[in-house]
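J.:
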Amino acid sequence: MTERIFTLSEARALLPEVRARVDAIVAARADLAELSYALRSGQSSRLGGKPEQKGYEARIDEAVGWFTIQGIEVKSLAPVLIDFPAYHAGRSVRLCLLEGERELTWYHRTELGFAGRRRLPGA
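Counted from 1, the sequence shown has number 888 at position 3 by this note's numbering; the numbering is strictly sequential.
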């Protein structure tokens, strides 16, 4: 399968849906962490038991699957970090969005990863 390449405007057009799915991952991740701790500790939880734990895991997997189908790379779940493959100044880059960011204003060269993160010009 060929990698999808996004323009900045295409990536930004997806932001409302991306943010909603990131928010869903964050909520499910928090509930999963709390429930998993309770289950490991032998405590009861208002969040349920093993079936609910599997449900939270499925919700996270489903959200990650949506990103994959769109051609968006999920780099991390805690914190959520996603990359849109793109080109900037003739170089392969990733437009990156970190959990909590509301706008797409960062990128990094593909080969440098998050450590090479820079603000988009004019952002």
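Ideal Cβ placement from N, Cα and C applies to all residues, glycine included.
With a threshold of 8 Å, are at least 3 pairs of Cβ atoms found where one atom belongs to the segment 980–993 and the other to the segment 952–967?
T.: yes
J.: Tell me the residue span of the alpha helix (DSSP H) that contains Ala971.
T.: For Ala971, there is no enclosing alpha helix (DSSP H); the enclosing beta strand (DSSP E) covers residues 965–973.
J.: DSSP on Arg925, reduced to helix/strand/coil?
T.: helix
J.: I'd like the span of the beta strand (DSSP E) that includes Arg979, first residue to last.
T.: 976–983
J.: Using beta-carbon positions only, say whether Ala913 and Leu989 come within less than 8 Å of one another.
T.: no
J.: Roughly how many whole angstroms lie between the Cα atoms of Gly1007 and Trp991?
T.: 11 Å
J.: To the nearest angstrom, how far is it from the Cα of Leu899 to the Cα of Leu997?
T.: Here the alpha carbons of Leu997 and Leu899 stand approximately 24 Å from one another.
J.: In the DSSP assignment, what are the bridge partners of Ser930?
T.: None, per the DSSP bridge assignment.
J.: DSSP on Arg897, reduced to helix/strand/coil?
T.: In the structure shown, the three-state DSSP call for Arg897 is helix.
J.: In whole angstroms, give me the CA-to-CA distance for Glu958 and Ile910.
T.: Going from the Cα of Glu958 to the Cα of Ile910 covers about 15 Å.
J.: Note down the Cα distance separating Leu1005 from Leu932, rounded to an integer number of angstroms.
T.: Straight-line measurement puts the Cα of Leu932 at about 41 Å from the Cα of Leu1005.
J.: Rounding to the nearest angstrom, what Cα-Cα distance links Leu924 and Arg994 in this structure?
T.: Taking C-alpha positions only, Leu924 is separated from Arg994 by approximately 42 Å.
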